[in-house]
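Since the structure comes first, as structure tokens, the remarks are kept for the end.
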């Protein structure tokens, strides 16, 4: 296997063309960070896959709202929770007022079930599998840090043949929605599990919540965005680097002196 093969250079089938969101100097710096600290934390939905492509999370959010309404607790749902296609928004809204309740536990269980179902058919992020294998081959410690259920992540990793590279290092949603990102809980658990210092780690994430969690945990952050719509909020929130393709990072790491 050549070094380019290991890192999957341009393996998503398209010719690589730099965009205004990808800054060569910053990318080289990130590659050096990775090879120095040897610890990369992945958000799940986005950097590794599209768990609910095409707005397919909306039926899940609607299902949760119907459960809340049937329980006579519809007043707990804010206008945001009423309109959002994100089930986590509904879960958080109920948890704020009914923390630890059977209703919250039931919503959590349903979200986990729907996420596991989605993980069985989720769309892989281009070149993510090759990037993961390249990091592992280079001795980089890796983990998943996500607001999704760890059980759903495991379903996906096993399906894609990636579970062996992450091992037990999947740090997802707990029974306490307050600890979901932007809270740094899952990042801190991952660092502890990997025996990594904050300045060892780089988080690859695709949301502002990821960025805020990285800042709180004092780990470096690299934004991943597949389009302008996803990139804009990261840039507005102050992300120093947003890449369109994981091959951008793969190629930079492969080009670093050994």
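Numbering (the working numbering), first residue to last: 954 to 1211.
Glycine included, C-beta positions come from ideal geometry on N, C-alpha and C.
Short Cβ contact (8 Å threshold) for residue i with residue j
i: residue 1151; j: residue 1134; result: no
i: residue 1020; j: residue 1053; result: no
i: residue 1085; j: residue 1109; result: no
i: residue 1186; j: residue 1161; result: yes
i: residue 1143; j: residue 994; result: yes
i: residue 1071; j: residue 1043; result: no
i: residue 1018; j: residue 1194; result: no
i: residue 1075; j: residue 1139; result: no
i: residue 997; j: residue 1101; result: yes
i: residue 983; j: residue 1093; result: no
i: residue 999; j: residue 1159; result: yes
Residues near residue i in its chain [Cβ-Cβ closer than 6 Å; skip 5 each side]
i: residue 1045; result: 1130
i: residue 968; result: Residue placement at residue 968 cannot be trusted, given a pLDDT of 33 that sits under 50; what the coordinates show is reported in the next sentence. Cβ within range, chain order: n/a, list empty.
i: residue 1005; result: 1071
i: residue 1051; result: 1057
Range of the contiguous alpha helix (DSSP H) that encloses residue i
i: residue 1084; result: 1081–1090
Own chain partners of residue i with C-beta closer than 8 Å, once the 5 adjacent residues on each side are dropped
i: residue 1146; result: 1096, 1121, 1122 and 1124
i: residue 1168; result: 1174
Boundaries (first-last residue) of the beta strand (DSSP E) holding residue i
i: residue 1160; result: Run containing residue 1160: none; DSSP gives neither H nor E here.
i: residue 1015; result: From DSSP, residue 1015 is part of no beta strand (DSSP E) but of the alpha helix (DSSP H) over 1011–1023.
Interface flag, residue i vs chain B, CB-CB below 8 Å
i: residue 1151; result: Among the chains of the structure shown, chain B does not appear; only one protein chain is present.
Proximal residues to residue i (C-beta, below 7 Å), its chain only, five neighbours per side dropped
i: residue 1165; result: 1135
i: residue 965; result: At residue 965 the pLDDT is 37, less than 50, meaning the model places this residue with poor confidence and gives no usable figure here.
i: residue 954; result: Note that residue 954 has pLDDT 38, beneath the 50 cutoff, so the model's placement of it is unreliable and the number below is only indicative. Nothing meets the Cβ criterion.
i: residue 1062; result: none
i: residue 1217; result: Residue 1217 falls outside the range modelled here, since the chain spans only 954 to 1211, and no answer is possible.
i: residue 1011; result: 1038
Counterpart residues of residue i in DSSP-defined beta bridges
i: residue 1077; result: 1002
i: residue 1095; result: 993
i: residue 1174; result: 1156
**OP:** For the region 1026–1035 and the region 1064–1073, state whether three or more C-beta atom pairs, one from each stretch, are separated by less than 8 Å.
**Re:** no
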